[in-house]
Amino acid sequence: VGVAIPDLGLYVLDGSLNLLPQGVAGELFVAGAGLARGYLNRQGLSAERFIANPFTDDGSRLYRTGDLVRWNAQGELEYLGRADQQVKIRGFRIELGEVQAQLLAQPEVREAVVLASQGPGGARLVAYVSLNEEVEDGLLKDRLGHALPDYMVPSAIVVLDALPLTANGKVDRKALPEPEMASTQQYEAPQGELEEALARIWAEVLGVERVGRHDSFFELGGHSLLALKLLERMRARGLAAQVRSLFLQPRLADFAQALGGEQADARPEVQVPPNGIPEDCAAITPAMLTLVALDAQEIARIAAAVPGGAANIQDIYPLAPLQEGILFHHMLHQQGDAYATPNLLSFDTRERLQGFVDSLNQVIARHDILRTAVLWEGLAEPVQVVWRHAQVQTEWVDVVAGADAAAQLHERLDPRVQRIEVRKAPMIRAVAAQDAPQGRWLLQLLTHHLVLDHTTLERIVEEIGLIRQGREHALPRPLPFRRFVAQARLGVSAREHEEFFRAMLGDVDEPTAPFGLLDVQGDGSGVQEARHVLDAGLARAVRLAAQRQGVSAASLFHLAWSLVLGRTTGRDDVVFGTVLFGRMQGGEGVERALGMFINTLPLRVRLGERSVQECLRQTHEGLSGLMHHEHATLSLAQRCSALEGGTPLFSTLLNYRYSAAQDVDTAARTWEGLTVLGGEERTNYPVTVSIDDLGEGFGIVMQASESIGAQRLCSYMGAAIQAVVGALERAPHSNAGALQILGETERTALERCGSRQPCLAHAVPLQHAIEEQARVRPGAKALVFEAQSLSYGELNAQANRLAHRLIALGVRPESRVGIAMSRSVEMVVGLLAILKAGGAYVPLDPDYPADRLAHMVEDSGIALVLTQAAVRTRIPGADHLQILEVDTLDLSAESDADPQVQVSADSLAYVIYTSGSTGRPKGAQLSHRNVARLLAATDAWFGFGPDDVWTLFHSYAFDFSVWEIFGALCTGGRLVVVPYWVSRSPQDFLALLRSERVTVLNQTPSAFGQLVHAVEQDDECGAGLSLRHVVFGGEALEPESLRPWFDRFGDESPRLINMYGITETTVHVTYREITKTDLQGGRSPVGVAIPDLGL
């Protein structure tokens, strides 16, 4: 999209507003004079989209566009698409524009658009094209297959006569027909019974139609959670496998071969002894306990600690590995608890709050781990005791008058001060209060990690959701946590664990402690948190790099953290803790079980002089090996190092976790009236980095000691993963230790892109500029519609008469006045009259749906609407509005002198409604200065003047029309209003361009594509056109679509200009001239900012 308009500045930022370097995709932010005031009556949305500029201290703002762009090597922007229109196919983020550009590069294709559609195997790409000439079936797919990865080749290509367009000239995606899905992907079929059986299971788990023998588990979107499901399905079919085999041999044929060897000498599954305590037991004996040895005296001590005694004890067994470590830290501190996690929920009624607690208690009744207490006093070893009956009791708090209810609840259960009594079940505390000033009911929950991990919390939420939906029948059968404890205790032997960790850590003789932080006995206080969401382009690059290297995305993040530790410790051999899922060796059904399964174990990465690719392979193999030993204790691993007792191996922790997306509609019904206000998780480590795998993107959550700063480390991590991905793509054999984190020089250069220069110190209201044209050139033709025309003098006089009538009716400066008219001379007169009266026009296109118009009328608060007799009936709520039918008004008695209304350049000029992500249109408020500075800032590029003829092609409710109307009339040009039927007929529009000798044409790329087709079919081959400038806007431009135009007219006259823009930043933001050389690029070049804006 080229360069910025001189008074604008452009920034490409990530989710944490960090500058992104050249070539990395991020969201575009705009700064400068062109920004709207905000959205009418939408303060919350305005605050979300118009934010303080973090790169200046002058109080300026940034507008968050929602568009993905990147800087190219020429210092210009390339448009990649909307952030909310990227799709995920088989685990890969895909920019639809890239596929679309490849289609348009085919000589037979005239127009193309690519969408994601749900097919039998999940999300699939579907392309819609119109053709210049017939093409063989399958040929387009074959060509795309040579230019794109297989997952980016559309499953179906639908041929249409022409792509349907909206009233604004954009592709109407809703009007595209449903495709007939079919898969013609070439693959090699599985061979033998084992491969065939595995392929069927893989297809079920991964949600794909079929799996070839050379397909990779990771390439098809697999990860740890899906690996767990895969092993469970295999186990159900009598196929036992070790998870590390899948990670080390991810291709189907290789995995089958490895599995064949494992089947021959497979380790027998651990036989879990049954619980020996009968249902109606009133006295427990030592023989009843099958997983722990306790004498009668110890059992009596336990029974005395449980309400109801032995009759309320369902089971007794030891702790799992990580539970032991958590209990140690719980006992170490007398105040606060690093492993207690608060969550604050808001409900709209007390009944909903109580219903949530009741549902939670139903879940607690189903699962033994949630009815578990931990006892240790007077016992040989700590044990967990499952109560038969335990419930969360809600404690109600009276909020102090004038106090912050949420703050009071947090203080009541602040984990930095408060503790959970782990000797009592359930280990969940609930405190509630009415927050009357906010009209809500608050529930503060405090849960303990002794009994639940992140996955368990998700399972609890899922089960509460099913209960709230009345779908108890869909709840899975609960599994006892004792099975996992047995697997951990009776599975891999201590000797095997020791051999593994001694090989890994035997020569490690000093800890890995960034910034010298060695205290691993913290209570979670004094820790900062920072969050960062990877931009979509980088997230996609991570997945693509993982797929190409045959590893998991988790391996890349572990290597990136190794680089950060290398920089912050000055060492090239680092050790850090990694959180293991804990369910890989947990036995049948473990993925559905609730409990504390995760474990923390050390991972060692040697950087040194090794290549990036070699380090990644080493990291992946280390993680794969840990999975087989996921039940080992950290204390055992520590003993296998060369460190003296008491010295920690590491002081940082990496937690790679998955977060499954929930269907939005289902979530809305399930959690109606409930809002999650906040929560936090902490550990005893001074630095913890959590990587959230969100299915499509990635989030980094950094918790770090205040002494070093969480944001600082978060930035390092983001830069490190970017460096790893970049090296794997460009130089996989380069030295890993030489990878650099984003430097100050590059940051300064990127900040400079956001600078802008003021272009218009003394702007005047738009009507004054038009009045000046009427004074200087009263007889010059200003406006044409079919057979009608007005000179500047006539236009000004007619607008003045109507403006005086509006003033008499109460229109004042910044009064919002609706205008609902069909395309006509009267429509332009009406717009100008509203401005002359001091008002701001609110365009109501009568062709819009009635419900959309009704919302715009209500939201804008207009009381007066200008319309025409034929249109009046289409105005919603007209009976409650003051209606002026301009075409039937007698204004002969009104003055034709310019109204003397006191308005400034900063007065509101118009409110245009744009589509909202929530489905509700939002009204962007723009001033006269916004438009005046746009014209001034671009004057050096275009030099518009009295000799120019413009078309008003677009609806006056589409912001492109602002540029068309005022670009023409403020510079003395002639404006030709295009009849609606002509705008829908490319052949008739071409005739109009010829007959009116139009010099300035503004088009969406979709509409221009159809005009190009009309030129190709034209008897005169487009001869006789007078075009000087063709300006593109409104949607992404794929340069390849211009090839037929360039073949016919060249690229010198007319000049083709791509101007990326947004309503909220006054029509246009950037400038980029498009030439034949851009046909080779394939992406949409948007250039650089208009000089008075910052990007």
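If you read the sequence shown in UniProt numbering, its first letter stands for residue 1, the second for the next number, and so on. Each residue gets a CB set at the ideal place from its N, CA and C atoms; glycine is no exception.
Using DSSP with H/G/I as helix, E/B as strand and the rest coil, what is residue i?
i       : result
ILE460  : helix
ARG495  : helix
PRO1085 : strand
LYS781  : strand
ALA937  : helix
HIS532  : strand
ALA47   : helix
THR867  : strand
GLY91   : At GLY91, the pLDDT of 34 sits below 50, so the modelled position is not reliable; the number obtained from the coordinates is stated separately. Three-state result, GLY91: coil.
ILE157  : strand
ASN930  : helix
GLN100  : helix
GLN418  : coil
VAL12   : strand
ARG669  : Low per-residue confidence applies at ARG669: pLDDT is 48, beneath 50, and the placement is therefore not dependable enough to give any value.
GLU826  : helix
THR290  : coil
Do the CB positions of residue i and residue j come within less than 7 Å of each other?
i            : j      : result
residue 1129 : GLN703 : The requested residue 1129 is not part of the displayed model; the chain covers only 1 to 1095.
residue 1100 : VAL976 : Given that the chain is displayed from residue 1 to residue 1095, the structure contains no residue 1100 and the question cannot be resolved.
LEU806       : ALA837 : yes
VAL886       : VAL962 : no
HIS532       : ARG657 : no
ALA310       : ALA282 : yes
GLU498       : CYS640 : yes
LEU517       : SER651 : yes
LEU653       : THR688 : yes
ALA736       : GLY97  : no
ALA924       : LEU10  : no
SER359       : LEU442 : no
Kindly indicate the opening and closing residues of the alpha helix (DSSP H) around residue i.
i      : result
PHE966 : 960-969
ASP142 : 139-147
ALA488 : 482-490
ARG712 : 710-730
GLU614 : 612-628
GLN444 : Counting along the chain, GLN444 falls outside any alpha helix (DSSP H), though it belongs to the beta strand (DSSP E) covering 440-448.
ASP851 : 850-860
So the beta strand (DSSP E) residue i belongs to, where does it begin and stop?
i       : result
THR600  : 599-606
ASN1002 : 1000-1003
GLY402  : Segment: none, GLY402 is in no beta strand (DSSP E) and carries neither H nor E.
ILE912  : 908-914
PRO843  : 840-843
SER789  : 788-791
SER705  : 698-705
ASP947  : Looking at the DSSP string, ASP947 is not in any beta strand (DSSP E), and its letter there is neither H nor E.
TYR63   : 61-71
Inset, instruction - Evaluate contact between the segment 1034-1051 and the segment 1004-1018, counting only Cβ atoms and requiring at least three cross-stretch pairs below 8 Å. - result: Yes, the segment 1034-1051 touches the segment 1004-1018.
Legend entry - Length at least 3, wholly inside the segment 299-375: the beta strand (DSSP E) runs in chain order: The qualifying runs are 313-318, 340-347, 372-375.
Inset, instruction - Please confirm if the segment 1011-1019 is in contact with the segment 973-991, defined as three or more CB-CB distances below 8 Å between the two stretches. - result: For the pair of segments examined, the segment 1011-1019 was found to touch the segment 973-991: the number of CB pairs separated by less than 8 Å reaches three.
Inset, instruction - At 4 residues or longer, and completely inside the segment 536-571: list those alpha helix (DSSP H) runs for me, N to C. - result: Counting whole runs of 4 or more residues, the segment 536-571 contains the alpha helix (DSSP H) stretches 536-549, 553-569.
Legend entry - Stretch pair the segment 391-405 + the segment 427-440: three plus CB contacts closer than 8 Å: Contact holds: three or more Cβ-Cβ distances are below 8 Å.
Legend entry - Cβ contact check for the segment 926-934 and the segment 891-902: 3 or more pairs under 8 Å: In the pairwise beta carbon analysis, the segment 926-934 is classified as not touching the segment 891-902: fewer than three pairs are separated by under 8 Å.
Inset, instruction - For the segment 840-853 and the segment 809-823, state whether three or more C-beta atom pairs, one from each stretch, are separated by less than 8 Å. - result: Contact between the segment 840-853 and the segment 809-823 is established, with three or more Cβ pairs separated by less than 8 Å.
Inset, instruction - Report yes or no: do three or more beta-carbon pairs, one from the segment 373-390 and one from the segment 402-415, lie closer than 8 Å? - result: These segments do not touch.
Legend entry - Three-pair Cβ contact test at 8 Å for the segment 358-376 versus the segment 450-465: With the cut-off at 8 Å, the segment 358-376 and the segment 450-465 touch.
Inset, instruction - For the segment 411-426 and the segment 340-352, state whether three or more C-beta atom pairs, one from each stretch, are separated by less than 8 Å. - result: Judged by Cβ distances under 8 Å, the segment 411-426 makes contact with the segment 340-352, as three or more pairs qualify.
Inset, instruction - Would you list, in sequence order, the uninterrupted beta strand (DSSP E) runs of no fewer than 3 residues that lie entirely inside the segment 1022-1047? - result: Qualifying beta strand (DSSP E) stretches, in chain order: 1029-1032.
Inset, instruction - Counting only runs of 4+ residues fully inside the UniProt domain "Carrier" (189-263), write out the alpha helix (DSSP H) ranges in chain order. - result: If only complete runs of 4 or more residues are kept, the UniProt domain "Carrier" (189-263) shows the alpha helix (DSSP H) at 192-206, 224-236, 243-248, in order along the chain.
Inset, instruction - Mind the definition here: the segment 537-549 touches the segment 595-604 only if three or more C-beta pairs lie below 8 Å; say whether that holds. - result: Look at the beta carbons and you see the segment 537-549 not touching the segment 595-604: under three pairs across the two are nearer than 8 Å.
Legend entry - Segment contact, 8 Å Cβ cut-off, at least three pairs: the segment 857-864 with the segment 959-973: Taking a cut-off of 8 Å on C-beta distances, the segment 857-864 does not touch the segment 959-973, as fewer than three cross pairs fall below it.
Inset, instruction - Check whether the segment 245-264 touches the segment 286-303, counting contact only when three or more Cβ pairs, one atom from each stretch, lie closer than 8 Å. - result: As far as the Cβ criterion goes, the segment 245-264 does not touch the segment 286-303, which means the pair count is below three.
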